[in-house]
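Trainee:
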Amino acid sequence: MSGDFAQLVVDEAIFHLVPTRKRNDPVPAQVQYSEAVCQLSEDVRGKIQANFRGLLVSHGRPVVEELEAKKSTLPDRVYEYLTEQRDLVNVSIDLAELLFDSQKGNSPAGLLLVASARLAGKRALLIVKLEQEGGFRAREVIVDGKRTFDMSYFANLLMTEHNKIYKAALFCVDGVPEDGPIEGWAADKQLSGKMAQFWLQTFLGCRQKEDPKRVTQGFHEAAVDWVDKRVDDPEKSVDYLMAVLVELRSNTATLDPTAFAADHLDLYDQDSFLAYLASKDVPTTIFDKDIARVAPRLSELQIGFASGISIVAPVKRVREDIKIDEHSDGTSTVTVRGKITSTRSHYSPRKLDAPHTDVQAPGADSAG
Numbered sequence: 020m021s022g023d024f025a026q027l028v029v030d031e032a033i034f035h036l037v038p039t040r041k042r043n044d045p046v047p048a049q050v051q052y053s054e055a056v057c058q059l060s061e062d063v064r065g066k067i068q069a070n071f072r073g074l075l076v077s078h079g080r081p082v083v084e085e086l087e088a089k090k091s092t093l094p095d096r097v098y099e100y101l102t103e104q105r106d107l108v109n110v111s112i113d114l115a116e117l118l119f120d121s122q123k124g125n126s127p128a129g130l131l132l133v134a135s136a137r138l139a140g141k142r143a144l145l146i147v148k149l150e151q152e153g154g155f156r157a158r159e160v161i162v163d164g165k166r167t168f169d170m171s172y173f174a175n176l177l178m179t180e181h182n183k184i185y186k187a188a189l190f191c192v193d194g195v196p197e198d199g200p201i202e203g204w205a206a207d208k209q210l211s212g213k214m215a216q217f218w219l220q221t222f223l224g225c226r227q228k229e230d231p232k233r234v235t236q237g238f239h240e241a242a243v244d245w246v247d248k249r250v251d252d253p254e255k256s257v258d259y260l261m262a263v264l265v266e267l268r269s270n271t272a273t274l275d276p277t278a279f280a281a282d283h284l285d286l287y288d289q290d291s292f293l294a295y296l297a298s299k300d301v302p303t304t305i306f307d308k309d310i311a312r313v314a315p316r317l318s319e320l321q322i323g324f325a326s327g328i329s330i331v332a333p334v335k336r337v338r339e340d341i342k343i344d345e346h347s348d349g350t351s352t353v354t355v356r357g358k359i360t361s362t363r364s365h366y367s368p369r370k371l372d373a374p375h376t377d378v379q380a381p382g383a384d385s386a387g
């Protein structure tokens with residue numbers, strides 16, 4: 020299923036005003052429904068497309084219908100629309116009712132945007148929760164022959180340049196099988212990659228398709244394997260592996276493999292790296308990072324030689340204390356600078372222990 024959000028096109032849209040559902044309100048809140056699609060000028064259409072293309076690229080995560088603990092009928096409504104059993108207006112009214120029922124007292128009111136769309140030319144449905152915000156507009160006026168500015172306040176602005184509070188979901192006909200869970204993408208701009216439970220589970224009836232721990236582990240294993248198998252330059256391989264370890268150890272909550280390749284790899288290595296990740300089923304788009312499974316492997320770097328000799332060094336000391344000189348015959352000299360503080364025998368759990376025998380070493384006293 021293609022996730023090329025640059026090819027997202029919005030055709031028609033309909034808005035519903037969905038208030039917050041509060042138990043103790045003397046007058047029960049009600050959804051204010053639209054009865055027809057709204058007219059979108061080309062400027063408005065272009066702005067909507069640009070906003071949600073960017074949102075899905077930066078915050079969108081693959082999601083899949085939760086079948087075991089079904090909490091919402093939204094996947095059923097999406098299926099009906101994408102298979103052309105129902106039209107946009109009728110489906111959107113059902114979705115507005117679902118959102119109203121999903122929101123509790125601490126969830127702000129807002130507009131529900133439901134739009135017919137195309138993703139790479141294929142039928143799609145875009146669902147967005149927008150929150151209104153206030154703002155001022157300054158307009159130049161002349162008063163008594165003097166220039167000044169007239170200030171107007173607007174309380175119902177949507178999708179302003181700095182608005183960080185809206186949530187979106189996109190479902191394409193490619194992700195709607197006849198006998199299985201639907202798949203799509205969801206985003207919560209307010210939570211930067213993570214998603215509010217009421218949005219993902221209660222309203223959308225979905226769960227994230229990719230476990231961050233598993234995806235992070237897959238990225239680590241594939242990246243290390245690519246460096247080991249595809250990078251022949253010893254010094255470059257150390258630089259690349261260092262970049263992988265530092266990126267994983269960083270405090271960022273997400274990891275973007277495409278951005279990582281652009282920032283840390285030579286231009287002619289980037290496509291090879293990304294293709295290798297894809298071959299190992301590792302996403303090349305941004306994902307949530309969780310290093311719980313790989314944390315013990317991120318503190319040290321190992322340099323191995325054909326002779327069987329290995330050097331293990333703390334990541335934070337590699338650049339300061341290790342120097343690699345390459346020679347024309349394909350060998351390298353690795354210089355480790357520092358004070359020797361200990362020498363000891365070494366056991367590697369990756370190698371089998373020598374078989375135990377009762378044969379004594381030469382010169383041992385057999386008399387007891």
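If you count the sequence shown from 1, position 56 lands on 75 in the working numbering, and the numbers rise without skipping. Glycine included, C-beta positions come from ideal geometry on N, C-alpha and C. Quantities reported herein were computed from a predicted structural model and do not represent experimental measurements.
What is the rounded straight-line gap between the Cα of Val-28 and the Cα of Trp-204?
Mentor: Looking up residue 28 in the sequence shown gives position 9. Looking up residue 204 in the sequence shown gives position 185. Distance between the alpha carbons of Val-28 and Trp-204 is about 15 Å.
Trainee: Starting from the C-beta of Asn-311, find all residues in its chain whose C-beta is less than 6 Å away, skip the five residues before and the five after it, and write them out in chain order.
Mentor: Taking the first residue of the sequence shown as 1, we reach residue 311 at position 292. In the sequence on display, residue 311 carries Ala and not Asn. So the qualifying residues of the chain are Lys-232.
Trainee: In whole angstroms, give me the CA-to-CA distance for Ala-215 and Thr-354.
Mentor: Looking up residue 215 in the sequence shown gives position 196. Looking up residue 354 in the sequence shown gives position 335. Roughly 52 Å between the two C-alpha positions.
Trainee: Taking Cβ to Cβ, would you say Leu-131 is nearer than 8 Å to Phe-34?
Mentor: For the purposes of this step, residue 131 is taken as residue 112 along the sequence shown, with counting starting at 1. For the purposes of this step, residue 34 is taken as residue 15 along the sequence shown, with counting starting at 1. In this structure, Phe-34 lies closer than 8 Å to Leu-131 by Cβ.
Trainee: With C-beta atoms as the reference, is Glu-116 less than 8 Å away from Val-56?
Mentor: Residue 116 sits at position 97 when you count from the first residue of the sequence shown. Residue 56 sits at position 37 when you count from the first residue of the sequence shown. No, these two residues do not count as a Cβ contact at 8 Å.
Trainee: Going by C-alpha distance, which of Lys-89, Gly-164, Ala-281 and Val-133 is nearest Asp-30?
Mentor: What you label residue 30 is simply residue 11 of the sequence shown in a count that begins at 1. Taking only the C-alpha atoms, the option nearest Asp-30 is Val-133.
Trainee: On a Cα-Cα basis, can you pick out the residue from Asp-62, Val-37, Asp-258 and Leu-36 that is closest to Ile-322?
Mentor: Residue numbering aside, residue 322 sits at position 303 when the sequence shown is read from its first letter. Ranking Asp-62, Val-37, Asp-258 and Leu-36 by Cα distance to Ile-322 puts Asp-258 first.
Trainee: In the structure shown, what three-state DSSP assignment does Tyr-185 receive?
Mentor: As a position in the sequence shown, residue 185 is number 166, starting the count at 1. The answer is strand: DSSP assigns Tyr-185 an E or B state.
Trainee: Compute the Euclidean distance between the alpha carbons of Val-147 and Ala-187, then round it to the nearest angstrom.
Mentor: Here residue 147 is taken as the residue at index 128 of the sequence shown, counted from 1. Here residue 187 is taken as the residue at index 168 of the sequence shown, counted from 1. Rounded to whole angstroms, Val-147 to Ala-187 spans 4 Å at the Cα level.
Trainee: If we ignore side chains and look at the alpha-carbon of each, how far apart do Ser-77 and Asp-251 end up?
Mentor: Against the sequence shown, residue 77 aligns to sequence position 58. Against the sequence shown, residue 251 aligns to sequence position 232. One C-alpha to the other measures close to 33 Å.
Trainee: Taking all protein chains shown into account, do 16 or more other C-beta atoms lie within 10 angstroms of the C-beta of His-239, making it buried, or fewer, making it exposed?
Mentor: Position 220 of the sequence shown holds residue 239. Burial call: buried.
Trainee: So is Pro-315 buried or exposed if we call it buried at 16+ other beta carbons inside 10 Å?
Mentor: Here residue 315 is taken as the residue at index 296 of the sequence shown, counted from 1. With fewer than 16 Cβ atoms within 10 Å of its Cβ, Pro-315 is classed as exposed.
Trainee: Kindly indicate the opening and closing residues of the beta strand (DSSP E) around Glu-37.
Mentor: In the sequence shown, counting from the first residue as 1, residue 37 sits at position 18. The sequence given here has Val at residue 37, not Glu. Start and end: 27 to 37.
Trainee: Answer yes if the stretch 341 to 361 comes into contact with the stretch 264 to 274, meaning at least three C-beta pairs across the two stretches below 8 Å, and no otherwise.
Mentor: Contact fails: fewer than three Cβ-Cβ distances are below 8 Å.
Trainee: Nearer than 7 Å: is that true of the beta carbon of Met-261 relative to any heavy atom of the ligand SAH?
Mentor: Among the ligands in the structure shown, none appear at all, so the ligand SAH cannot be discussed.
Trainee: For a minimum of 4 consecutive residues, which ranges assigned as the alpha helix (DSSP H) are wholly contained in the stretch 233 to 281?
Mentor: The stretch 233 to 281 contains these whole alpha helix (DSSP H) runs: 253 to 268.
Trainee: With DSSP as the reference, label Gln-227 as helix, strand or coil.
Mentor: The residue labelled residue 227 in the question sits at position 208 within the sequence shown. Note: Gln-227 maps to strand in three-state DSSP.
Trainee: Would you be able to state if there are at least three C-beta pairs under 8 Å between the stretch 60 to 69 and the stretch 280 to 292?
Mentor: No contact exists between the stretch 280 to 292 and the stretch 60 to 69.
Trainee: CA-CA distance, Ala-325 and Ser-351?
Mentor: Looking up residue 325 in the sequence shown gives position 306. Looking up residue 351 in the sequence shown gives position 332. C-alpha separation (whole angstroms): 11 Å.
Trainee: In chain order, which beta strand (DSSP E) runs of at least 3 residues are fully inside the stretch 283 to 357?
Mentor: Segments of the beta strand (DSSP E) lying fully in the stretch 283 to 357: 319 to 323, 329 to 333, 341 to 345 and 351 to 355.
Trainee: Measure the C-alpha to C-alpha separation of Leu-93 and Phe-222 and round it to an integer number of angstroms.
Mentor: Within the sequence shown, numbered from 1, the residue matching residue 93 stands at position 74. Within the sequence shown, numbered from 1, the residue matching residue 222 stands at position 203. Leu-93 and Phe-222: Cα-Cα distance of roughly 7 Å.
Trainee: Are Ala-136 and Leu-145 touching if we call contact CB-CB under 8 Å?
Mentor: Start at 1 with the first residue of the sequence shown, and residue 136 comes out as number 117. Start at 1 with the first residue of the sequence shown, and residue 145 comes out as number 126. Going by C-beta atoms, Ala-136 is nearer than 8 Å to Leu-145.
Trainee: Compare the C-alpha of Thr-304 against each of Ala-281, Arg-363, Val-246 and Asp-120 and name the closest.
Mentor: By one-based count along the sequence shown, residue 304 stands at place 285. Comparing Cα-Cα distances from Thr-304 to each of Ala-281, Arg-363, Val-246 and Asp-120, the minimum goes to Ala-281.
Trainee: Which residues does DSSP pair with Leu-131 in a beta bridge?
Mentor: The residue you call residue 131 lines up with position 112 of the sequence shown. Partner(s): His-35 and Lys-148.
Trainee: Arg-166: buried (16+ other C-beta within 10 angstroms of its C-beta) or exposed?
Mentor: Looking up residue 166 in the sequence shown gives position 147. Counting Cβ neighbours within 10 Å, Arg-166 comes out exposed, since fewer than 16 surround it.
Trainee: Can you look up Pro-81 in the DSSP assignment and give me helix, strand or coil?
Mentor: As a first step, residue 81 must be located in the sequence shown, where it is residue number 62. If DSSP states are grouped into helix, strand and coil, Pro-81 belongs with the strands.
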